[in-house]
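For what it's worth, my numbering labels the leading residue of the sequence shown as 178, then goes sequentially.
We put the beta carbon where it would ideally sit given N, CA and C, even for glycine.
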Amino acid sequence: MSDFLDSKKAEIKSRLDELKEAVDEYHRLQAALDALDGVSRGGSPAATSSDAPRRGRPRGTGTRAQEAIAAVTKEPGLTAGEIADRLGINQNYLYRVLPALEQDGKLQKRGRGWYIPGA
């Protein structure tokens with residue numbers, strides 16, 4: 178029994194020695210990363226979202242946006258879920274599209290329903 182315990186203790190010690198190298202490397206890399214986080218990048222600052230040119234097509238010009246407008250034109254007062262059902266899409270998608278259309282003045286939300294402004 179003593180030989181078994183001695184053998185297992187030796188295995189564990191050997192494995193600990195192997196892992197110590199990895200732990201030491203981990204700590205060195207973490208220290209290097211922390212040091213680099215404190216270093217400024219130099220050069221010109223990164224462009225902010227207001228400085229960067231807008232990418233892609235203008236909001237509200239996509240097919241789904243146009244389909245949502247058409248659905249609300251046909252049936253004013255539809256909720257996001259009802260519009261999604263009419264379009265055969267997931268309701269979560271419309272939670273991005275509809276507020277963008279409202280911000281652009283193409284739709285208006287009253288309560289839970291969506292309407293064409295001025296209608």
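Inset, instruction - Just the C-alpha distance for G239 and L264, rounded to the nearest angstrom, thanks. - result: 14 Å
Inset, instruction - Return the first residue and the last residue of the alpha helix (DSSP H) that R241 is part of. - result: T240 to K251
Legend entry - Residues bridged to R287 (per DSSP): G290
Inset, instruction - Answer with buried or exposed for L275, where buried requires no fewer than 16 other C-beta atoms within 10 angstroms of its C-beta. - result: buried
Legend entry - When A245, A208 and H204 are compared against N267, the one with the closest alpha-carbon: A245
Legend entry - Length of the line joining the Cα atoms of S179 and V200: 31 Å
Inset, instruction - Quick one: residues in its chain with C-beta nearer than 8 Å to the C-beta of T256, no 5 flanking neighbours on either side, listed in chain order? - result: R289, G290 and W291
Inset, instruction - Using alpha carbons as the reference points, say which of I189, A296 and E202 lies closest to K251. - result: A296
Inset, instruction - Determine the burial state of A208: buried for a count of at least 16 other Cβ atoms within 10 Å of its Cβ, exposed for fewer. - result: exposed
Legend entry - Residue from R241, A247 and I293 whose Cα sits closest to the Cα of E279: I293
Inset, instruction - Rounded to whole angstroms, what's the CA-CA distance from A212 to L206? Just pull it up for me. - result: 10 Å
Inset, instruction - Leaving aside the five residues before and after G128 along the sequence, list all residues of the same chain whose C-beta is less than 7 Å from its C-beta, in chain order. - result: The chain is shown only over 178 to 296; residue 128 falls outside these bounds and no answer can be derived.
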